[in-house]
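Participant: My questions will all concern the structure given below.
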Amino acid sequence: MLEIHNLNARVEGADILRNLSLSIKPGEVHAIMGPNGAGKSTLGNVLSGRPGYEVTSGEVLFNGKNLLELEIEERAREGLFLAFQYPVEIPGVTNMEFLKASVDARRKHLGMPDLSSFDFMKLARETSKKVSLDPAFLKRGVNEGFSGGEKKRNEIMQMMLLEPNLCILDETDSGLDIDALQVVAAGVNAMRDGKRSFIVVTHYQRLLDYIVPDYVHVLAAGRIVKTGGKDLALELEAKGYAWLEDEGA
Amino acid sequence: MTDFQQQALQLASQQQNSPVWLRPLRGEGTGQWQRASWPGRRTELWKYTPLQALQRTEFQRWGRALPQGVGSASLLPLDAIRLVFVNGVFDAQASTEPHAQVVHFSAASEPQRALIEKHLGRIVNTERHLFASLSNAWVQDGVLLHVPRNVILDKPVYIVHVSIPEAEAVIVNQRLLVVLEENAKAELIEHFVSDAQAQNSFVNSLTEVSIGNNAELQHYRINLEQEQLIHIGGVHIDLQRDARYRGFTIAEGSQLKRLDYQINHRGAGAHAALNGVYLPRNNQLVDYHTNVEHWAPHCTTSEVFRGIISDSARAVFNGRILIHPHAQKTLAELSNRNLLTSDKAEVDTKPELEIYADDVKCAHGATVSQLDDTAMYYLQSRGVSKTQARTMLSFGFINELLQELPRAEVRDYLHHHLAILFGTATDLS
Numbered sequence: 005m006l007e008i009h010n011l012n013a014r015v016e017g018a019d020i021l022r023n024l025s026l027s028i029k030p031g032e033v034h035a036i037m038g039p040n041g042a043g044k045s046t047l048g049n050v051l052s053g054r055p056g057y058e059v060t061s062g063e064v065l066f067n068g069k070n071l072l073e074l075e076i077e078e079r080a081r082e083g084l085f086l087a088f089q090y091p092v093e094i095p096g097v098t099n100m101e102f103l104k105a106s107v108d109a110r111r112k113h114l115g116m117p118d119l120s121s122f123d124f125m126k127l128a129r130e131t132s133k134k135v136s137l138d139p140a141f142l143k144r145g146v147n148e149g150f151s152g153g154e155k156k157r158n159e160i161m162q163m164m165l166l167e168p169n170l171c172i173l174d175e176t177d178s179g180l181d182i183d184a185l186q187v188v189a190a191g192v193n194a195m196r197d198g199k200r201s202f203i204v205v206t207h208y209q210r211l212l213d214y215i216v217p218d219y220v221h222v223l224a225a226g227r228i229v230k231t232g233g234k235d236l237a238l239e240l241e242a243k244g245y246a247w248l249e250d251e252g253a
Numbered sequence: 313m314t315d316f317q318q319q320a321l322q323l324a325s326q327q328q329n330s331p332v333w334l335r336p337l338r339g340e341g342t343g344q345w346q347r348a349s350w351p352g353r354r355t356e357l358w359k360y361t362p363l364q365a366l367q368r369t370e371f372q373r374w375g376r377a378l379p380q381g382v383g384s385a386s387l388l389p390l391d392a393i394r395l396v397f398v399n400g401v402f403d404a405q406a407s408t409e410p411h412a413q414v415v416h417f418s419a420a421s422e423p424q425r426a427l428i429e430k431h432l433g434r435i436v437n438t439e440r441h442l443f444a445s446l447s448n449a450w451v452q453d454g455v456l457l458h459v460p461r462n463v464i465l466d467k468p469v470y471i472v473h474v475s476i477p478e479a480e481a482v483i484v485n486q487r488l489l490v491v492l493e494e495n496a497k498a499e500l501i502e503h504f505v506s507d508a509q510a511q512n513s514f515v516n517s518l519t520e521v522s523i524g525n526n527a528e529l530q531h532y533r534i535n536l537e538q539e540q541l542i543h544i545g546g547v548h549i550d551l552q553r554d555a556r557y558r559g560f561t562i563a564e565g566s567q568l569k570r571l572d573y574q575i576n577h578r579g580a581g582a583h584a585a586l587n588g589v590y591l592p593r594n595n596q597l598v599d600y601h602t603n604v605e606h607w608a609p610h611c612t613t614s615e616v617f618r619g620i621i622s623d624s625a626r627a628v629f630n631g632r633i634l635i636h637p638h639a640q641k642t643l644a645e646l647s648n649r650n651l652l653t654s655d656k657a658e659v660d661t662k663p664e665l666e667i668y669a670d671d672v673k674c675a676h677g678a679t680v681s682q683l684d685d686t687a688m689y690y691l692q693s694r695g696v697s698k699t700q701a702r703t704m705l706s707f708g709f710i711n712e713l714l715q716e717l718p719r720a721e722v723r724d725y726l727h728h729h730l731a732i733l734f735g736t737a738t739d740l741s
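As you go down the protein sequences, you meet chains U and C in turn. If you count the first sequence from 1, you need to add 4 to reach our numbering. If you count the second sequence from 1, you need to add 312 to reach our numbering.
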């Protein structure tokens with residue numbers, strides 16, 4: 005699904021990712037944890053193609069294609085999805101309009117016919133209920149005036165509509181209360197079908213009680229310093245990251 | 313006098329249909345028009361808007377009576393008191409039945425005539441508004457919207473000005489006077505539209521509004537005309553004590569389009585809110601000049617203008633707020649944001665704040681920018697192409713103001729019109 009080899013990336017002149025390698029097979033859930041400034045968010049941004057994130061060397065293969073050569077929108081259409089840590093507010097563009105445009109683009113890429121507006125609105129309303137978001141939100145501006153939790157649930161709703169192959173959740177749990185966290189986790193779990201893969205970037209072990217990962221990686225100073233199973237997250241919760249940084253150094 | 317001044321005056325003097333009681337105003341207008349020095353690049357009020365397009369054209373006549381019903385083509389679906397004019401001539405067939413509160417000057421009752429004589433040409437300051445003098449010099453007929461004390465007009469008033477090309481270039485004068493007495497309330501939609509053919513007229517439109525104590529007007533002024541049309545227009549408003557004015561205006565560009573708003577807070581506690589959108593494309597120009605003067609204390613002004621300037625088009629926005637010495641406790645805000653979607657697009661924006669009172673809160677700002685990079689990235693990261701993302705964001709920038717419009721028919725009409733213009737039309741609801 006995803007093969008990252010010796011990836012180096014910089015932001016505003018600072019090297020953030022250093023020789024990062026990671027391999028993800030279909031159906032796997034990989035959690036990425038690590039201290040602040042380790043490069044966790046950078047990884048998601050680089051993979052999605054965010055402007056300003058410069059790859060200096062390394063290779064990323066997504067479904068066998070050279071991901072780094074693709075435009076931002078082409079990566080999305082190929083089935084890569086990044087749930088933003090800070091979803092963007094776009095007043096004046098309705099959520100419904102935005103969702104239809106993105107789903108149309110993905111379906112077209114997959115050679116599927118366009119959904120009629122009627123069918124799409126029905127689908128969008130049903131999906132919004134799955135993440136406990138009032139369908140009235142569909143008529144509002146994208147994320148406009150949404151609370152933090154509503155924005156995150158909106159991200160999960162988009163993920164459900166787009167049916168990506170690889171979902172990257174960038175600190176989707178940050179700032180969520182336990183109820184919202186459960187909604188988000190249930191949404192993710194409902195999408196685990198043995199083929200779709202996930203990268204779950206988080207600060208908090210708590211999320212991994214609900215979304216149980218196959219692997220836990222610790223990112224420190226731009227590379228993976230330790231990999232383990234789900235128990236590693238509990239160990240990190242108890243011991244912090246310092247011992248690993250020492251180990252890695 | 314320039315050739316154009318002479319030409320226009322000559323045409324004005326040929327028109328002798330006006331009621332006798334309007335003659336003094338015509339005489340006054342004629343004198344001012346003759347004496348006025350023609351604006352050039354060094355005239356502050358016309359600095360960025362050359363009038364060559366006007367001077368280039370040989371205007372032969374005023375608009376003439378066309379077949380009735382022509383104006384029906386481009387109307388908003390609206391249950392309203394509707395008056396349609398085609399090239400300045402009343403189109404009774406396209407209009408609704410006569411209404412007691414909306415009358416032609418020539419059909420005004422005695423008390424209505426007194427109102428016209430009191431206000432017509434008196435709300436506008438012709439010293440600052442040259443083309444108002446021409447309108448005064450011409451004044452034949454016009455429309456009076458009069459809402460008496462404590463009356464709430466049950467339907468909106470919808471005045472449509474349709475332009476269609478005539479064999480020879482013509483001048484069209486439009487005159488509207490709105491008088492709302494104490495506690496009155498009305499909604500007014502002025503719609504300037506043309507058919508799709510290349511236009512050859514010059515529309516000189518002038519609306520004067522008097523809003524009495526605690527009265528309220530909701531006003532839309534829509535300027536969607538083919539780009540060859542020349543339009544110079546103004547809205548001039550006097551607000552008395554506790555009066556409320558809520559206005560929205562939108563303009564597509566043309567070879568010359570200049571629109572002025574003058575708002576005077578004459579009585580304490582008045583409120584004015586004016587939002588506007590301008591969208592010049594190709595080689596078009598739109599020039600909005602707004603001037604809000606606070607003469608009395610405790611008044612509030614909120615003004616938001618947004619423009620998208622594309623291709624080689626140009627926009628001018630001059631928003632002035634003037635707080636006179638007695639206007640203590642004023643709250644005034646003015647914001648102007650511009651989006652340039654091409655390297656050749658240009659905007660000259662100038663927010664001006666002049667304050668002569670010491671206890672006021674005022675804010676003003678203007679920005680000129682490109683599309684928001686983060687929003688672009690967000691849309692693209694969902695598979696939306698760069699081109700489509702640009703279109704969606706441009707439309708969204710304007711749509712924010714459209715969404716706030718209280719009259720659904722106007723909102724839907726403009727939303728649909730602009731969605732086609734931007735290429736974002738869908739049937740999602």
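Cβ atoms here follow ideal geometry from the backbone N, Cα and C, with glycine treated the same way.
1) Against chain C, which members of the segment 160-179 of chain U pass a CB distance test of less than 8 Å?
2) Residues of chain C with CB under 8 Å from L86(U), in chain order?
3) In the DSSP assignment, find the unbroken alpha helix (DSSP H) run with D213(U) in it and report its ends.
4) Ignore the nearest five residues each way along the sequence and tell me which others in T613(C)'s own chain have a CB closer than 6 Å to its CB.
5) Where does E520(C) fall in DSSP's three states?
6) Please report the straight-line C-alpha distance between V763(C) and L357(C), rounded to a whole angstrom.
7) Given that a residue counts as buried once 16 or more other Cβ atoms are within 10 Å of its Cβ, and exposed if not, what is L248(U)?
8) Using DSSP bridges, identify the partner residues of A627(C).
9) Just how far apart, CA to CA, sit L21(U) and P168(U)?
10) Please classify Y668(C) as buried or exposed, where buried requires at least 16 other C-beta atoms within 10 Å of its C-beta.
11) For L296(C), tell me which candidate among Q380(C), W374(C), A406(C), A582(C) has the shortest Cα-Cα distance.
12) Determine the contact status of H503(C) and I542(C), defining contact as a CB-CB distance below 8 Å.
13) Going by the CB atoms, is the gap between R338(C) and N448(C) shorter than 8 Å?
14) Against chain U, with Cβ distances strictly below 8 Å, would T686(C) count as a contact?
15) Can you tell me whether S52(U) is buried or exposed, with buried defined as 16 or more other CB within 10 angstroms of its CB?
16) Should the segment 190-202 of chain U be regarded as contacting the segment 115-130 of chain U, the criterion being three or more beta carbon pairs within less than 8 Å?
17) Once you ignore the five residues that flank Y57(U) on each side, which residues in its own chain have a CB closer than 7 Å to its CB?
18) According to the neighbour-count rule (16 or more other Cβ atoms, all chains shown, within 10 Å of its Cβ), is V222(U) buried or exposed?
19) Distance, Cα to Cα, G252(U) vs D177(U)?
20) Determine, using beta-carbon pairs with one atom in the segment 682-694 of chain C and one in the segment 92-101 of chain U, whether at least three such pairs fall under 8 Å.
21) Using a cut-off of 7 Å between C-beta atoms, extract the partners of V696(C) located in chain D.
22) Quick one: does N711(C) have its CB under 8 Å from some CB of chain U?
23) D572(C): buried (16+ other C-beta within 10 angstroms of its C-beta) or exposed?
24) Leaving out five residues on either side along the sequence, give the residues of the same chain with a beta carbon under 6 Å from the beta carbon of P637(C).
25) Would you call the segment 464-472 of chain C and the segment 425-440 of chain C touching, i.e. three or more CB-CB distances under 8 Å?
26) Any contact of the segment 546-560 of chain C with the segment 584-594 of chain C, i.e. 3+ C-beta pairs under 8 Å?
27) In chain order, what residues of the same chain have a beta carbon less than 6 Å from the beta carbon of D660(C), not counting five sequence neighbours either side?
28) Shorter than 8 Å from the beta carbon of G252(U) to some beta carbon of chain C?
29) Determine, using beta-carbon pairs with one atom in the segment 519-530 of chain C and one in the segment 700-712 of chain C, whether at least three such pairs fall under 8 Å.
30) Under 8 Å: do the segment 617-625 of chain C and the segment 589-597 of chain C share three or more Cβ pairs, one atom per stretch?
31) Let me see if you follow: with CB-CB separation under 8 Å, is V92(U) close to chain C or not?
32) Does DSSP put L388(C) in a helix, a strand or coil?
33) If N99(U) sits next to V146(U), beta carbons under 8 Å apart, how far is it from one beta carbon to the other, in whole angstroms?
34) At a CB-CB cut-off below 7 Å, which residues of chain U make contact with Q700(C)?
35) Per DSSP, which one or two residues make a beta bridge with H728(C)?
36) Considering just the uninterrupted stretch of the alpha helix (DSSP H) at E77(U), what are its terminal residues?
Facilitator: The relevant details are as follows:
1) In summary, the residues of the segment 160-179 of chain U whose CB is separated from some CB of chain C by less than 8 Å are Q162, L166, in the order they occur in the chain.
2) Here the neighbours are S693.
3) Run containing D213(U): 211-214, per the alpha helix (DSSP H) assignment.
4) Cβ neighbours of T613(C) beyond the five flanking positions: A584, V604, A644.
5) Judged by DSSP in its simplified three-state form, E520(C) adopts strand.
6) There is simply no residue 763(C) to check, as chain C begins at 313 and stops at 741 in what is shown.
7) That one is buried.
8) Answer is V598(C), V659(C).
9) Taking the straight line from one Cα to the other gives about 25 Å.
10) Taking all protein chains in view, the Cβ of Y668(C) is surrounded by fewer than 16 other Cβ atoms within 10 Å, so the residue is classified as exposed.
11) Given a span of 313 to 741 for chain C in the structure shown, any question on residue 296(C) remains unanswerable.
12) Cβ atoms of H503(C) and I542(C): not closer than 8 Å.
13) Yes, Cβ-Cβ distance for N448(C) and R338(C) is below 8 Å.
14) Using a CB distance cut-off of 8 Å, T686(C) counts as an interface residue toward chain U.
15) When all chains shown are included, S52(U) counts as buried.
16) Flag = no, the segment 190-202 of chain U and the segment 115-130 of chain U do not touch.
17) Taken in chain order, the residues that qualify are A13, V15, T46, N49, V50.
18) Counting every other CB atom within 10 Å of its CB across the protein chains shown gives V222(U) a total of 16 or more, marking it as buried.
19) Any reading at G252(U) must be qualified, since the residue scores a pLDDT of 49, below 50, and its modelled position is unreliable; the value itself is stated next. G252(U) and D177(U) have their C-alpha atoms spaced approximately 27 Å apart.
20) In short, these stretches touch, since the Cβ pair count reaches three.
21) You won't find chain D in this structure, because its protein chains are U and C.
22) It does: the Cβ of N711(C) has a partner Cβ on chain U nearer than 8 Å.
23) By the neighbour-count rule (16 or more Cβ atoms within 10 Å), D572(C) is buried.
24) The answer, listed in chain order, is Y668, A669.
25) Verdict: no, contact absent.
26) With the cut-off at 8 Å, the segment 546-560 of chain C and the segment 584-594 of chain C touch.
27) Around D660(C): Y360, V628.
28) Unreliable positioning characterises G252(U) in this predicted model, as indicated by a pLDDT of 49, which lies under 50. A coordinate reading is not provided.
29) No, they do not touch.
30) These segments touch.
31) Interface residue, yes.
32) For L388(C), the secondary structure class from DSSP, reduced to helix, strand or coil, is coil.
33) Under the criterion of beta carbons closer than 8 Å, N99(U) and V146(U) qualify as touching, at roughly 5 Å.
34) Chain U residues near Q700(C): A105.
35) According to DSSP, H728(C) bridges with nothing at all.
36) Here the alpha helix (DSSP H) through E77(U) covers 76-82.
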